[in-house]
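Report on the structure given below.
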Amino acid sequence: MRVPTSKLQQLTIFTTVLTGGGVGTMYYLMQKTFAESDYHRMALQKLEACPVAMEGLGAPPLKVHNIHLSDKNNRIDQRTAQIKIPVTGSQTGGYLYTYSTRDLDTNRWSLKQAVLKLKEGQIIDLLNPPAAQSADTELRYRAVTQSGDPEL
Numbered sequence: 001m002r003v004p005t006s007k008l009q010q011l012t013i014f015t016t017v018l019t020g021g022g023v024g025t026m027y028y029l030m031q032k033t034f035a036e037s038d039y040h041r042m043a044l045q046k047l048e049a050c051p052v053a054m055e056g057l058g059a060p061p062l063k064v065h066n067i068h069l070s071d072k073n074n075r076i077d078q079r080t081a082q083i084k085i086p087v088t089g090s091q092t093g094g095y096l097y098t099y100s101t102r103d104l105d106t107n108r109w110s111l112k113q114a115v116l117k118l119k120e121g122q123i124i125d126l127l128n129p130p131a132a133q134s135a136d137t138e139l140r141y142r143a144v145t146q147s148g149d150p151e152l
């Protein structure tokens with residue numbers, strides 16, 4: 001039995017579209033699952049609560065991008081979640097590296113590590129954030145360092 005070439009072309013196009021749609025849907029659902037997870041949400045809350053990190057990014061507005069599914073830094077199992085979340089602000093971007101563990105008895109996640117690494121190389125530990133300096137303190141520091149006065 002011979003099948004016309006036009007029918008084979010149609011079958012190929014249909015299969016390609018169907019497969020592409022399935023892959024796209026799967027990608028979307030996986031990203032949605034990450035974004036709705038407790039370990040992802042807690043990490044972003046820590047980021048948003050740290051004025052030094054938000055200022056470093058130039059946020060708000062803070063934009064959270066999709067996780068790179070093929071990145072080896074992203075590993076999740078029943079007890080641990082290690083993810084690398086791409087974020088950007090109006091000035092720069094970076095990655096939020098997180099590590100969380102889950103208590104199997106209570107089924108609750110707890111954030112053990114949250115570190116923001118900016119593109120410029122600055123690293124901010126969100127669980128032990130640096131103290132935010134006021135503009136007044138920074139100006140006094142600059143004046144002291146320029147004048148050579150040892151008192152602040």
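Taking full-length UniProt numbering as reference, the numbering of the sequence shown is continuous, increasing by one, and the terminal residue is 152. For each residue, glycine too, the CB sits at the ideal point set by N, CA and C.
Quick one: Cα of residue i to Cα of residue j, how far?
{"i": "L127", "j": "G24", "result": "35 angstroms"}
{"i": "T15", "j": "K63", "result": "35 angstroms"}
{"i": "Y28", "j": "E36", "result": "12 angstroms"}
{"i": "residue 153", "j": "T92", "result": "The shown model of the chain, from 1 to 152, leaves out residue 153, and the question about it has no answer."}
{"i": "R2", "j": "Y39", "result": "56 angstroms"}
{"i": "R41", "j": "P130", "result": "22 angstroms"}
{"i": "T106", "j": "D77", "result": "16 angstroms"}
{"i": "G121", "j": "Q31", "result": "27 angstroms"}
{"i": "G89", "j": "A43", "result": "16 angstroms"}
{"i": "V87", "j": "R79", "result": "25 angstroms"}
{"i": "S110", "j": "D103", "result": "8 angstroms"}
{"i": "T5", "j": "I13", "result": "12 angstroms"}
{"i": "Q10", "j": "N66", "result": "34 angstroms"}
{"i": "T33", "j": "M26", "result": "11 angstroms"}
{"i": "G20", "j": "H68", "result": "18 angstroms"}
Would you decide whether residue i is buried or exposed? Buried here means 16 or more other CB atoms lie within 10 Å of its CB.
{"i": "I124", "result": "buried"}
{"i": "A114", "result": "buried"}
{"i": "L57", "result": "buried"}
{"i": "A53", "result": "buried"}
{"i": "Y141", "result": "Because Y141 sits at a pLDDT of 38, beneath the cut-off of 50, its placement in the model cannot be relied upon, and the point is left open."}
{"i": "G94", "result": "buried"}
{"i": "K116", "result": "This sequence places Leu at residue 116; Lys is not what is there. Buried: at least 16 other Cβ atoms inside 10 Å."}
{"i": "L8", "result": "exposed"}
{"i": "A135", "result": "Note on A135: pLDDT 38, under 50, position unreliable in the model; the coordinate value appears next. A135 should be labelled exposed."}
{"i": "L18", "result": "exposed"}
{"i": "L47", "result": "buried"}
On the three-pair Cβ rule with 8 angstroms, is the region 98–113 touching the region 74–88?
Output reads yes: the region 74–88 touches the region 98–113.
Return the chain-ordered ranges of every beta strand (DSSP E) run that is complete within the region 49–124 and spans a minimum of 3 residues.
Within the region 49–124, the runs of beta strand (DSSP E) that reach at least 3 residues and sit entirely inside it are, in chain order, 80–88, 93–103 and 108–118.
My parser needs the beta strand (DSSP E) runs of 3 or more residues fully inside the region 1–54; what are they?
Whole beta strand (DSSP E) segments, 3+ residues: zero.
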